[in-house]
Amino acid sequence: MIIFPAIDIIGGKAVRLYKGDYAKMTVYNDDPAAVAADFKSCGAEYIHLVDLEGAKDGTTPNFDTVCRIKRSSGLFCEIGGGIRSMEVIDRYIEAGIDRVILGTAAVTNPEFLEAAIKKYGEKIAVGIDIKDGFVAIKGWLEKSEFEAFEFCERMQKMGVSTLICTDISKDGAMQGTNHELYKELSKRFNLNITASGGVSSLEDVRRLREQDIYGAIIGKAYYTGDINLKEAVEVAK
159 MIIFPAIDII
169 GGKAVRLYKG
179 DYAKMTVYND
189 DPAAVAADFK
199 SCGAEYIHLV
209 DLEGAKDGTT
219 PNFDTVCRIK
229 RSSGLFCEIG
239 GGIRSMEVID
249 RYIEAGIDRV
259 ILGTAAVTNP
269 EFLEAAIKKY
279 GEKIAVGIDI
289 KDGFVAIKGW
299 LEKSEFEAFE
309 FCERMQKMGV
319 STLICTDISK
329 DGAMQGTNHE
339 LYKELSKRFN
349 LNITASGGVS
359 SLEDVRRLRE
369 QDIYGAIIGK
379 AYYTGDINLK
389 EAVEVAK
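159 is the number of the first residue of the sequence shown in my numbering; add one for each residue after it.
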């Protein structure tokens, strides 16, 4: 299993939100590239990046910060947040970003998702954020009409290879992740499933690995010290 330590970015800084609430933000580091360097020193080979401002308004205000993280770390970088046009995907891929995550756009514009997969294949992932059993969009601010498993089925049929699934109720809450959800997703779908939201202990990492999950995103637990990233990378192997 792959560990994806996460850097959420607002105003060029590494931050975390509590359950997706922009009003409940903690700034952890003014220099996200320094955070990425620490990830690397802990043995991580992948980074999960989110432009939180982009997620809300569909722009790329932290593009330069994202590119700096990629250049300085040399690690595999995936980016999500506000990616709603082919031009933005092109910019990220041309800048050397390894994988681009579509969230809101995958829900509201399936034609765009299809075109992106056709052009970039496995470099396109879909982020599915789950709220009360439904897919949430626009930085978790709106609930869509799609039931979560129904949407995953659609993604598989469209040729998506990687799904990043977040249980919003668990995100940043430090109460453990939703193992039943990931067990069910792993059983139902032939997709690379990345678990996101509430991965807050080495036991969470161990259980996800045993469920044969493709990846796990570690966010707040790294910043608070609840998870030793070096140990998590070893446990995931």
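Beta carbons: idealized from backbone N, C-alpha and C, even for Gly.
For residue i, which residues in the same chain have their Cβ closer than 8 Å to its Cβ, ignoring the five residues on either side in sequence?
| i | result |
| --- | --- |
| LYS198 | SER231, GLY232, LEU233 |
| ALA274 | MET244, ILE247, VAL258, LEU260, ILE282 |
| GLN369 | HIS337, TYR340, LYS341, SER344 |
| ILE385 | VAL357, SER358, SER359, LEU360, VAL363, ILE376, ALA379 |
| GLU392 | GLY201 |
| GLU269 | none |
Which of helix, strand or coil does DSSP assign to residue i?
| i | result |
| --- | --- |
| ALA194 | helix |
| ILE288 | strand |
| ALA274 | helix |
| TYR176 | strand |
| VAL318 | coil |
| ALA202 | coil |
| GLY373 | strand |
| GLY279 | helix |
| THR218 | coil |
| LYS171 | strand |
| LYS301 | strand |
| LYS182 | strand |
Beta-carbon within less than 6 Å of residue i's beta-carbon, same chain only, minus the 5 sequence neighbours each way: which residues are those?
| i | result |
| --- | --- |
| THR320 | ALA283, ASN350 |
| ARG367 | MET159, ALA394 |
| PHE304 | VAL293 |
| VAL193 | ILE165, ALA172, ASN187 |
| ILE295 | THR262, VAL265, SER302 |
| GLY285 | GLY238, ILE259, GLY261, ILE322 |
Which residues in the same chain as residue i place their Cβ atom closer than 7 Å to its Cβ, once the five residues preceding and following it in sequence are excluded?
| i | result |
| --- | --- |
| THR184 | VAL173, ARG174 |
| TYR343 | Note that residue 343 corresponds to Leu in the displayed sequence, not to Tyr. Only CYS310, CYS323, ILE351 meet the Cβ criterion. |
| GLY254 | LYS228 |
| TYR250 | ILE237, VAL258 |
| CYS225 | ALA253 |
| GLU203 | LEU233, PHE234 |
Classify residue i as buried or exposed, calling it buried when 16 or more other Cβ atoms lie within 10 Å of its own Cβ.
| i | result |
| --- | --- |
| MET159 | buried |
| ASN348 | exposed |
| MET244 | exposed |
| GLU389 | exposed |
| GLY355 | buried |
| MET316 | exposed |
| ASP179 | exposed |
| ARG121 | For the chain, the structure presents residues 159 to 395; residue 121 sits outside this window and is missing. |
| ARG242 | buried |
| THR382 | exposed |
| GLY169 | exposed |
| PRO163 | buried |
| ASP290 | exposed |
| PRO190 | buried |
| GLU211 | buried |
For the alpha helix (DSSP H) containing residue i, name the first residue and the last one.
| i | result |
| --- | --- |
| ILE385 | Segment: none, ILE385 is in no alpha helix (DSSP H) and carries neither H nor E. |
| ILE161 | First-last for ILE161: 160-168, but that is the beta strand (DSSP E), not the alpha helix (DSSP H). |
| GLU211 | 210-215 |
| GLU368 | 360-368 |
| ILE227 | 221-231 |
Hey, could you find the ends of the beta strand (DSSP E) residue i is sitting in?
| i | result |
| --- | --- |
| TYR250 | Per DSSP, TYR250 belongs to no beta strand (DSSP E); it is in the alpha helix (DSSP H), 244-252. |
| ILE326 | Where ILE326 is concerned, there is no enclosing beta strand (DSSP E), given that its DSSP letter is neither H nor E. |
| ILE259 | 257-260 |
| GLY238 | 234-238 |
Within the present structure, is the beta-carbon of residue i separated from the nearest heavy atom of the ligand GDP by less than 7 Å?
| i | result |
| --- | --- |
| PHE270 | Ligands are entirely absent from the displayed structure, and the ligand GDP is therefore not among its contents. |
Problem set entry | Every unbroken alpha helix (DSSP H) within the segment 329-356, with a cutoff of 4 residues, ordered by chain | 337-346
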